[in-house]
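What follows is one structure encoded as structure tokens, with my remarks underneath.
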Amino acid sequence: MKFQSIISTIAALAAPMAVVAKSQDYARHIELSLLFYEAQRSGKLPENNRIYWRFDSQLDAGADNGVDLTGGYYDAGDNVKFNFPAAAALTLLAWSGVEYADGYKKAGQWDYLLDAVRWGADYFMKCHTGKNELYFQVGNGDIDHSKLLKYWYPPEYTIYEHPSLKLTTGAPGSEVAGDTASFLAATYIIFKDIDPSYAKKCLQHSKEIYEFADTYRGDYSKSFGDYVNSFYKNWGTIYDELAFGALWLYRATNDESYLKKYKAIADASYDTRDENAYGNCKGPISWDDKRPGGYVLGAIVTGEEKYIEKALSYCDMVLTQPRTPGGLWYDSNLSKWGSNRYASNAASMVAMMADFLPKDDARRAKYVDFVKSQTDYILGDNPAGVNYVVGAEENSPKAVHHRAASGTYDSQDRNAKPNDHNVYTIWGALAGGPAKDDSYEDTRKNYEMNEVALDYNAAFQMNLAFLVKEGLSIPDPDSVKNHERSFPKKAETPDITVTPVKDHIKISSGSNMVCSSWCIEFTSEVDIGEVHHSVLYQTSPKYIICNERETNYLDGEGTPQDIQISDKVKMGNIEIDMDDVVVMCNGWHAPQRSQPNTYKPENGRRYQLINGGGPGNTIPLFEETECWPGFLCDASSSSNSTNPINPTNPTDSTNNDNDDCFALKLGFPCCNNNEIYYTDENGNWGLTNTTPVNWCGIGGTSKDSTEDQGSADQDSFGEYPYCSGCESNYQDADGEWYFVDNKWCKVNEKKCKANDNTNTCKPVMGYPCCTNPSTTVFYVDEDGNWGLENDNWCIMKN
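Numbered by mature numbering (1 follows the signal peptide of the UniProt record, and there is no 0), the letters in the sequence shown go through residues -21 to -1, 1 to 777 in order.
So, in structure tokens, the structure goes:
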């Protein structure tokens, strides 16, 4: 059976294994990924903005230099627009649209991709304010990330300095300009038949920007080191961006002069010991290194044998490089920070070459398998059991390092508590990823594992579109995609207490109701002039007071926080109308006194307190949606790849263990009313509602049957057809199922010769074969039976 199951367990195992249904719904994850890019938008947001917790921001971008630099995308979990990594990421997005348009259209996401690319292109053209001028950054990373100033704000509240910086002939930056030219040329290719006038505008900017980059060659890290070297320093040369830009312009224009510029770099002699030389790349494509993109795009646009061989040689090398024990591609020099990103980046160029190769090429299936394995790992086929795409599943990260999504303020990245999940879900963001041992920590403190960024999603989304184009997307059942994601979310037991005591007000929460940020609204005739350790937003008679820093959060354990009234105010006891007290738990409010009055109660969870509050007296003043956003939760979502499984409605009751089913004779219980997660040669399988989770059978009978399954004249196998032929480019690990015309089919063993079950063994993922034939089987997955010898895993012989 091609699924993981626990055969037996022993106490010596460090952690329990669990059965996890892994997503292969690549179309749905494209949809999510494009939502992430919408969440990163800067400037005046359009009317069709789908991220309800994002609003207009930095509408004064560029005002310090008298130019309009609004729009574009924020880089990561911060509020800076770094054009170097942004241009690199958006070039990959545009490239995916050029090559994988069919994948986006199958997923129902083509128009959203166009929107994402255009939003970026509009901004980059604004940055080109003169023939030899190009703005490359809005914001100061040192200020934005300052540990001293503690500017942990959403972009809507960036009152601090965000200067605009530009490249000139006296301060060049060929790597940024080259990447910008690449992106705009790729954008031209996408839009030339859709919006010719817009495409022509993109191409004109691309040509001029590339000429600037090539004529005034220089490294922006040297021109603006104080601003960029702590964040996105150019660690290599400028020649990879110049070569990549020349290739894109050659593809866009068919102008041989650009091809000559590319060849002048690609064909130059170089020291094979120089790791920065153009032909010596051993790592993945990245925001800093475009050489792999040059290898692959050079093969695609020229068709010359030497460039094709260079690209294939690079891809073959990628497949031989180390992986984590769970199978994630891992670069020892890079992957510590954003391992999912670099695995996706490495796979993206392999995918491009797979798409370029003819279907019968021997390398192609191997390339596709590699891309699929890396993507599947990210979507949950990993030892941590995590789908690293935020909002995709219940096990997805909930505390990624992102200011706006956190819903909290001030140094929250350092003081975050282990259970302090983000208030807002940043749909589709790809979390950084696991360590080299596959371990993972879901906390904002760990930005190496848990930050999100434009370039994290770019190649990942490319790979998703490729796999959808290949026909490999299998929609998730509704129970996976419609997991608990209501908003605003009500506390399970609303429990907030407010008590006036002489010259201060005590506020606390219980019943595990944590409020990282909070505000209290009340009516009082007392003239409260000042407060300490809080912010006074609105005064007499209707007061609004909010916590100033996350250190005085409400912990859900009854620990009181004090709103202290200034000693200068002489008034005796505070009197509050206890029938008119409202508390907002988690939402937007500005914590700094220097901020304008930006309290926004509509964005928080507001509770009316009765008689001082507490359990039963803390009443929500908002409605909780069943599942948000509706267009993702709706079963009629636009992600429309073919699903071979028609799940029944899952039951909330215990499993029907007393019913008969085929699984009883295999040692598994029955669960005839549960949802189908997998089908193999025995029948349909579901998951038990027990702890630990186990596989259970759906349907059939435990009685011996003489039915000759797989007879040559049978048309179907359960819910699936028998394959019409005996060959397929894609099959399961056992060779018993093929994927043909976007559907799974069962290999007809009577028609096609059954697999030869010889007594053989091949090492898997670096694990050896078991030497003792009587070793106990402890675990079974798609690779085979696993045992333990000398405290190490080993694969059993067939």
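The beta carbon of each residue, even a glycine, is placed where N, CA and C say it ideally should be.
By the DSSP assignment, the alpha helix (DSSP H) with residue i in it spans what residues?
i           : result
residue 96  : 89 to 106
residue 81  : 80 to 85
residue 16  : 5 to 18
residue 21  : Premise fails: residue 21 is in no alpha helix (DSSP H) and is neither H nor E.
residue 773 : Residue 773 -> not in any alpha helix (DSSP H); beta strand (DSSP E) instead, spanning 771 to 774.
residue 201 : 199 to 202
residue 176 : 175 to 194
residue 227 : 218 to 232
Would you please state the rounded distance, in angstroms, between the beta carbons of residue i and residue j? I believe it to be under 8 Å.
i           : j           : result
residue 51  : residue 21  : 5 Å
residue 370 : residue 422 : Rounded, the Cβ-Cβ distance is 17 Å, inconsistent with contact.
residue 293 : residue 274 : 5 Å
residue 665 : residue 650 : 5 Å
residue 324 : residue 265 : 6 Å
residue 491 : residue 537 : In fact, because the Cβ distance is near 10 Å, the residues do not count as touching under 8 Å.
residue 226 : residue 277 : 6 Å
residue 85  : residue 6   : 7 Å
residue 705 : residue 725 : That pair is no contact at about 12 Å.
What are the boundary residues of the beta strand (DSSP E) that residue i is part of?
i           : result
residue 560 : 560 to 564
residue 585 : 584 to 588
residue 239 : Looking at the DSSP string, residue 239 is not in any beta strand (DSSP E); the run it does join, the alpha helix (DSSP H), is 235 to 245.
residue 597 : 597 to 599
residue 284 : Where residue 284 is concerned, there is no enclosing beta strand (DSSP E), although the alpha helix (DSSP H) it sits in stretches over 284 to 299.
residue 265 : No beta strand (DSSP E) contains residue 265, which DSSP labels as neither H nor E.
residue 768 : 763 to 768
residue 612 : Segment 609 to 612 is the alpha helix (DSSP H) holding residue 612; no beta strand (DSSP E) there.
residue 157 : Looking at the DSSP string, residue 157 is not in any beta strand (DSSP E); the run it does join, the alpha helix (DSSP H), is 153 to 170.
residue 485 : 483 to 488
residue 674 : 674 to 677
residue 312 : First-last for residue 312: undefined, no H or E at that position.
Please name the residue in the options whose C-alpha comes closest to that of residue i.
i           : options            : result
residue 220 : 196, 462, 352      : 196
residue 654 : 362, 647, 639, 678 : 678
residue 519 : 539, 492, 555      : 555
residue 271 : 524, 283, 330      : 330
residue 779 : 562, 603, 424      : Past the boundaries of the shown model lies residue 779; the chain is included only from -21 to 777, so the question cannot be answered.
residue 356 : 336, 341, 387, 318 : 318
residue 171 : 201, 215, 73, 149  : 73
residue 531 : 497, 503, 515, 516 : 497
residue 218 : 302, 256, 250      : 256
residue 321 : 333, 350, 469      : 350
residue 301 : 236, 477, 285, 263 : 263
residue 103 : 148, 76, 166       : 166
residue 230 : 169, 174, 289      : 169
residue 120 : 163, 464, 91, 205  : 205
residue 410 : 516, 427, 400, 399 : 427
residue 381 : 401, 245, 374, 504 : 401
residue 214 : 154, 180, 559, 194 : 154
residue 592 : 473, 235, 14, 187  : 473
residue 200 : 212, 194, 192      : 212
residue 524 : 477, 493, 605      : 477
residue 675 : 642, 701, 705, 700 : 642
residue 312 : 385, 443, 731, 260 : 260
residue 31  : 609, 202, 123      : 609
residue 15  : 557, 604, 433      : 433
Under 9 Å between the Cβ atoms of residue i and residue j?
i           : j           : result
residue 267 : residue 67  : yes
residue 48  : residue 56  : no
residue 60  : residue 112 : no
residue 607 : residue 18  : no
residue 189 : residue 160 : yes
residue 58  : residue 137 : yes
residue 379 : residue 429 : yes
residue 354 : residue 446 : yes
residue 24  : residue 39  : no
residue 387 : residue 233 : no
residue 65  : residue 109 : no
Within 8 Å: the Cβ of residue i and any heavy atom of the ligand FMN?
i           : result
residue 299 : With respect to small molecules bound, the structure shown includes none, and the ligand FMN cannot be examined in it.
Completely contained alpha helix (DSSP H) runs for the segment 317 to 395, where each covers 4 or more residues: Scanning the segment 317 to 395 for uninterrupted alpha helix (DSSP H) segments of 4 residues or longer gives 318 to 335, 341 to 357, 382 to 385, 391 to 394, listed from N- to C-terminal end.
Uninterrupted alpha helix (DSSP H) stretches inside the segment 397 to 481 (no shorter than 4 residues): 426 to 429, 433 to 448, 457 to 460
Whole runs of the alpha helix (DSSP H) within the segment 113 to 142, excluding any shorter than 4 residues: 120 to 123
Residue ranges of each beta strand (DSSP E) within the segment 494 to 539, 3 or longer: Taking only runs of at least 3 residues, the beta strand (DSSP E) segments lying wholly in the segment 494 to 539 are 497 to 502, 513 to 517, 521 to 526.
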